[in-house]
Amino acid sequence: MPLHTLGPLNCRITGNPRTARLTMILCHGFGAPGTDLVPLGDELHSLDETLRQDVAFVFPEAPHSLEAEGMPDGRAWWPINMARLQMILQTHQLELLTRAEPPGMADARAKFQEFLRNLREEYDLEISRCILGGFSQGAMLSTDITFRLRQNPAALCIYSGTLLCQEEWTELAGQRRGLRVLQSHGTIDPILPFEAAEMLKRLLIESGLEVNFLPFRGMHTIPWQALEATADMLAKLSRQTESR
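Following this line, the structure appears as structure tokens:
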């Protein structure tokens, strides 16, 4: 699959965002290669063949290489202090996770916003036809970016994400009233606590967003039931786009 460069980020694209009814932008997690979520496009197409023509997929690659940390193909949107994260989990001091903006997140945000501007200009793409989403760290970034848009995208998908920047996100989320959100999280996730995911869900609901929350008996992953729900959501959004 060819690599495209749009502004400061590389990405991989399946389908044609210019002609597709919808474009889904999926951000991978910490330590994964830029290709990590690419197979999800085919998996979603297999669940509903109409999506093959109706939905394009864009998979941006995080800017930071983790080769120096022993992961030659690994990428990160911002660095993670794993020792600190483990301390938070062990001591259950969730406020240290949920209230803070991680170092490096502002730079990732700026890069992604520039990437998104370039993507929209290149393909004449309205934000109302875009679904933003991601897994783990990519879900955190997608959530943050969505809150800062000038208008609602078509939807937001949060796969095993978490609450960050609690005070600021609470202020921003009200601007996204009515936005459709699909959120999934494992009840025994050992990396990002389920309790923090529930805190994010409450923030979204209390801010007026329409949340489909999918807890599952599992760990830090994207379960099949979340993909089925995503395919169903994309099909409904595509039909709504057609009827406009």
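Taken in order, the sequence shown gives residues -19 to 224; the numbers are from this note's numbering. Every residue, glycine too, gets a C-beta built ideally from N, C-alpha and C.
What residue range does the alpha helix (DSSP H) around residue i cover?
{"i": "residue 77", "result": "75 to 78"}
{"i": "residue 36", "result": "Unbroken run through residue 36 is the beta strand (DSSP E), 35 to 40; no alpha helix (DSSP H)."}
{"i": "residue 61", "result": "Careful: residue 61 lies outside any alpha helix (DSSP H) and carries neither H nor E."}
{"i": "residue 122", "result": "117 to 127"}
{"i": "residue 185", "result": "174 to 186"}
Report all residues from its chain with a CB closer than 7 Å to the CB of residue i; omit the five preceding and five following residues, and keep chain order.
{"i": "residue 25", "result": "31, 32"}
Could you name the residues of the same chain whose beta carbon sits closer than 6 Å to that of residue i, not counting the 5 residues immediately before and after it, in chain order?
{"i": "residue -3", "result": "3, 36, 103, 105"}
{"i": "residue 59", "result": "84"}
{"i": "residue 180", "result": "143"}
Does the separation of the CB atoms of residue i and residue j fall below 8 Å?
{"i": "residue 51", "j": "residue 11", "result": "yes"}
{"i": "residue 217", "j": "residue 135", "result": "yes"}
{"i": "residue 121", "j": "residue 156", "result": "no"}
{"i": "residue 145", "j": "residue 124", "result": "yes"}
{"i": "residue 162", "j": "residue 127", "result": "no"}
{"i": "residue 99", "j": "residue 133", "result": "no"}
{"i": "residue 14", "j": "residue -10", "result": "yes"}
What is the rounded straight-line gap between the Cα of residue i and the Cα of residue j?
{"i": "residue 7", "j": "residue 72", "result": "27 Å"}
{"i": "residue 45", "j": "residue -13", "result": "17 Å"}
{"i": "residue 107", "j": "residue 96", "result": "9 Å"}
{"i": "residue 165", "j": "residue 183", "result": "15 Å"}
Specify, as a first and last residue, the run of the beta strand (DSSP E) that residue i falls within.
{"i": "residue 190", "result": "190 to 196"}
{"i": "residue 5", "result": "2 to 7"}
{"i": "residue 21", "result": "Here residue 21 belongs to no beta strand (DSSP E); instead the alpha helix (DSSP H) covers 19 to 27."}
{"i": "residue -10", "result": "-11 to -6"}
{"i": "residue -15", "result": "-16 to -14"}
I'd like the list of long-range same chain contacts for residue i, defined as Cβ closer than 8 Å, with 5 residues on each side in sequence excluded.
{"i": "residue 207", "result": "20, 23, 24, 27"}
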